[in-house]
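There are 2 protein chains.
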Amino acid sequence: MREGPYIAEIAALIGDPARTNMLTALMDGRALTVSELAHVAGITLPTASGHIARMETAGLLAAEKQGRHRYLRLSGPDVATALEALMELAQRTGAVRLRTGPRDPALREARVCYDHLAGARAVAVAAKLADAGMMVDHGLTDAGRAWLADRGFVRGDGRRPFCRTCLDWSERRHHLGGALGAQILSRALDEGWARRGEGRVIDFGQRGAAAFDRLFGL
Amino acid sequence: MREGPYIAEIAALIGDPARTNMLTALMDGRALTVSELAHVAGITLPTASGHIARMETAGLLAAEKQGRHRYLRLSGPDVATALEALMELAQRTGAVRLRTGPRDPALREARVCYDHLAGARAVAVAAKLADAGMMVDHGLTDAGRAWLADRGFVRGDGRRPFCRTCLDWSERRHHLGGALGAQILSRALDEGWARRGEGRVIDFGQRGAAAFDRLFGL
DNA sequence: CTCATGGTTCGATCTGTACCGAACCATCGC
DNA sequence: GCGATGGTTCGGTACAGATCGAACCATGAG
Chain D
14 MREGPYIAEI AALIGDPART NMLTALMDGR ALTVSELAHV AGITLPTASG
64 HIARMETAGL LAAEKQGRHR YLRLSGPDVA TALEALMELA QRTGAVRLRT
114 GPRDPALREA RVCYDHLAGA RAVAVAAKLA DAGMMVDHGL TDAGRAWLAD
164 RGFVRGDGRR PFCRTCLDWS ERRHHLGGAL GAQILSRALD EGWARRGEGR
214 VIDFGQRGAA AFDRLFGL
Chain G
14 MREGPYIAEI AALIGDPART NMLTALMDGR ALTVSELAHV AGITLPTASG
64 HIARMETAGL LAAEKQGRHR YLRLSGPDVA TALEALMELA QRTGAVRLRT
114 GPRDPALREA RVCYDHLAGA RAVAVAAKLA DAGMMVDHGL TDAGRAWLAD
164 RGFVRGDGRR PFCRTCLDWS ERRHHLGGAL GAQILSRALD EGWARRGEGR
214 VIDFGQRGAA AFDRLFGL
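Chains as they are written, first to last, in this note's numbering: chain D, 14 to 231; chain G, 14 to 231.
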């Protein structure tokens, strides 16, 4: 009972434009400094410092000190999950200005969503699994599990779902999240098929894209 | 880019204690009147009316007029999903005051979470599936699918995952959500094994509880 | 040591908004 | 028609918190 107020505290924290800008900037999973966060939020250093302190004590952010820099990151995947849920809501209710047009096509093609791959290429993977009957109702079948295991994607960490579906911001269809999504992303990076670009962008080279598509039979 | 501010708008809306109280009160999926919402939020009618108007234009609530009453309900499952994500976050970050003690044992035993069953009995079902190898990493195996189909729980609506796991507020373990969770709840109600009680409480009679447990082999 | 840079703390300002009481509108029962 | 009940609108108050400049601490470079 009376669980309301406590989630209100967190929602209010997320509900400030400056803080939201910082949080979404951190959704690519990387850690940013206080100055960088101040920049993306468009506010001065003192103000940003205050915001960060609040989010830190609330447990939304985790900090790491290195020299005279302080690096901030989201304290866990559940923060990103909550943000995604809010984005999905914002999208349906139309509170969102549709900038998903040609603006930054690289971002539409492939980007990172906290720790997994999003964008057209990620949606294609999810669609392939669904078409092949390896996913039904957003859940993996045993056939799907086996097919993925063949390609080196095995069990998750047990603490979170191996395979989650996550509504894609630009494509408006689902891509893969969870431990599986994270493994797919790190595979692409490890194999040199892709590398991190500006912001949340993921750059696939021509050869990299081909290799990625071959692995998933696209 | 700059998706931030729009989700901020929604988060800010959720981030007010009075509104949060209303929203969580609506998580049982039923529609409440303006007066009832004012009561659960502990504010006067005019104030509540204002809050509701804002949430309505923002698309969080849907209204239906009946005589001189206005019935409000959540505009969709995604609203409940976002609230759940925030609750999970609030729980991990410890922003939550632990009132999960003996307070209202009926609520701990069985309650409704928007459209599916939560509480000890619901957690037991999820645990059973996991123990029997019918769920791994929070996803159903084909064996699990078959076992559920035997019991009349078949495919979902295709628009949402058939089976989602949802962190249980009181038990701190997962129960079943998604289309499956909704079907389990309506089955229990349809069969007369349980009926809705005060607020979110679900009352299982002795015979109802036994029948329910038998179905799931508890 | 000295300076520059990254970050925090402190006051002060100022806007936004939650809240209530009172008046007003709408619907139902009579 | 009349009162009673459910909701909305309006005006005013009051409190929270977002913001900035300036002063202050900490670390690394030279």
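Heads up, the beta-carbon is just placed ideally off N, CA and C, and yes, glycines get one too.
- Distance from G:L50 to G:A66 at the Cβ level is roughly 12 Å; contact not present, criterion being Cβ atoms closer than 8 Å.
- The residues H129, R177, C179, in chain order, have a CB closer than 6 Å to that of D:G190 in the same chain once the five nearest residues on each side in sequence are set aside.
- At the C-beta level, G:L73 and G:V92 come within 8 Å of one another.
- At a cut-off of 8 Å, the C-beta of G:Y127 has no neighbouring C-beta in chain D.
- For G:A95, the chain D residues whose C-beta falls within less than 7 Å of its own C-beta are A98, L99, L102, listed in chain order.
- When the beta-carbon positions are compared, G:F166 and G:Q196 come within less than 8 Å of each other.
- Counting other Cβ atoms within 10 Å of its Cβ, D:P59 stays below 16 and is therefore classed as exposed.
- Within chain D, the C-beta atoms nearer than 9 Å to that of G:L73 come from L102, T106, in chain order.
- Inter-segment contact for the segment 199-216 of chain G and the segment 145-161 of chain G is absent: fewer than three beta-carbon pairs are separated by less than 8 Å.
- For G:F166, the secondary structure class from DSSP, reduced to helix, strand or coil, is coil.
- Against chain D, a Cβ distance below 7 Å from G:L153 picks out G152.
- Contact between the segment 96-106 of chain G and the segment 76-87 of chain D is not established, with fewer than three Cβ pairs separated by less than 8 Å.
- Nearest CB-CB separation between G:V92 and chain D: below the 8 Å threshold.
- Within the same chain, and ignoring the five residues on either side of D:L120 in sequence, the residues whose Cβ sits closer than 6 Å to its Cβ are V214.
- Going by beta carbons, G:G132 and G:A140 fall outside the 8 Å limit.
- For D:L50, no pairing in a beta bridge is given by DSSP.
- One alpha carbon belongs to G:Y19, the other to D:A103, and they sit about 7 Å apart.
- In this structure, the straight-line span from the alpha carbon of G:L26 to that of G:E69 is close to 11 Å.
- At a cut-off of 8 Å between C-beta atoms, G:D216 does not count as an interface residue with respect to chain D.
- G:R67 is outside the set of residues whose beta carbon lies under 8 Å from a beta carbon in chain D.
- G:L26 sits in a helix when the DSSP states are folded into three classes.
- Contact annotation: G:A192 and G:R173 have beta-carbon atoms nearer than 8 Å.
- DSSP places D:F217 in the uninterrupted beta strand (DSSP E) bounded by 215-217.
- By alpha-carbon distance to D:R134, the top candidate from D:P118, D:V149, D:T37 is D:P118.
- Contact between D:D41 and D:V136 is absent: CB atoms are separated by about 18 Å, not below the 8 Å threshold.
- Non-local beta-carbon contacts of D:T33 in its own chain, meaning distances under 8 Å to residues more than five positions away in sequence, involve I27 in chain order.
- Below the 7 Å Cβ cutoff, chain D contributes no neighbours of G:F225, its closest Cβ being approximately 23 Å away.
- With fewer than 16 other CB atoms across the displayed protein chains lying within 10 angstroms of its CB, D:T57 is exposed.
- Rounded to whole angstroms, D:A71 and G:G80 show a C-alpha spacing of 45 Å.
- Checking the DSSP bridge columns, you'll see G:M148 partnered with G:L153.
- Boundaries of the beta strand (DSSP E) around G:E77: 74-79.
- Partner residues in the beta bridge of D:L45, as assigned by DSSP, are D:L85.
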